[in-house]
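Under UniProt numbering, the first residue of the sequence shown carries the number 1, and numbering increases by one thereafter.
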Amino acid sequence: MFATASGAITHLGSSSLLVPLSALYATALWRHHSAPLALRWLLALSLCLGAMVVLKLVGHGCGLPDFPLFPSLFAGDRFVSPSGHAAFAAVFYGSVAALAARNAGSVWLRVGLPLAAVALVLAIGVSRVAVSAHSGAEVVAGLLIGGLSVLLFLWTSRKDGAPRLRVSPWLLGALALGLALLVHAGDPSFVEGTIRRVAYHFGSGAGLCELAGRVFPGTRG
């Protein structure tokens, strides 16, 4: 039962779900609030996902150094490919919950929405370890990158008012159906496989791992 629950929860961080949700959210911000806020959200998201792609490329192609935080806790943990599910979930759910909390009419919602987002993101992170997709160190690295991206978004949008977005019941129904199909069919994301193939050529290229070694001391470059 735990394995089944973990398999379902892990899909909530899948790019197959969060990419279309992010596009819908950016469009809603643009149309119903302001273009600058939407652009700041897209910038934070792009920085988060860009950092993850770079780390995954270096990790698969040249090897990353040992995880620098909590060495006693994560001693011996694999650290090759930081968790994209954890990072994407953190930046998406964290940003959405934080903006929604700004506009909440009660203290309970202003506190409860961010706490619910934190609980969901942590559950997704734990599920990545439970399904043997990532180590604890890789999940924590993803959470840190996603969390820093949320803080960047909140800091750059601190002077913006809270957006008032209306969600159509039909949209919620479509999202629920899409999630059910995703859980049933499995994660069709091809991102990790593509990154591995690119990383192979990246790692075999002359001088590229050398450059990575200068940026990330401890790699095989």
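Think of the CB as a built atom: it goes at the ideal place given N, C-alpha and C, for glycine as much as any other residue.
Exercise. Inspect the beta-carbon positions of residue 123 and residue 114 and report whether they are closer than 8 Å.
Key: For this step, residue 123 is matched to residue 123 along the sequence shown. For this step, residue 114 is matched to residue 114 along the sequence shown. At a Cβ-Cβ threshold of 8 Å, residue 123 and residue 114 do not count as neighbours.
Practice problem: Check residue 123 in the structure and name its three-state DSSP category. | Solution: Walking along the sequence shown from the start, residue 123 turns up at place 123. DSSP places residue 123 in the helix class (H, G or I) of the three-state scheme.
Quiz item: What is the DSSP secondary structure of residue 69, reduced to helix, strand or coil?
Solution: Here the question's residue 69 lines up with position 69 in the sequence shown. When secondary structure is reduced to three states using DSSP, residue 69 falls in the coil class, being assigned neither helix nor strand.
Quiz item: In whole angstroms, what separates the C-alpha of residue 256 from that of residue 31?
Solution: Residue coverage of the chain in this structure runs from 1 to 221, which leaves residue 256 outside it and unanswerable.
Quiz item: Quick one, which of 39, 45, 77 and 84 has its alpha-carbon nearest residue 57's?
Solution: For the purposes of this step, residue 57 is taken as residue 57 along the sequence shown, with counting starting at 1. Among 39, 45, 77 and 84, the Cα nearest to that of residue 57 is on 84.
Quiz item: Counting contacts by CB-CB distance shorter than 8 Å, is residue 49 in contact with chain D?
Solution: Absent from the structure: chain D. Only one protein chain is present.
Quiz prompt | Distance, residue 110 Cα to residue 18 Cα | solution = Translated into positions along the sequence shown, residue 18 becomes position 18. Translated into positions along the sequence shown, residue 110 becomes position 110. One C-alpha to the other measures close to 23 Å.
Quiz item: Got a sec? Which residues, its chain only, sit under 8 Å from residue 38 by beta carbon, not counting five neighbours each side?
Solution: Locating residue 38 in the sequence shown gives position 38, counting from the first residue. The beta carbon of residue 38 lies closer than 8 Å to those of 26, 27, 29 and 30 in the same chain, with the five residues before and after it left out.
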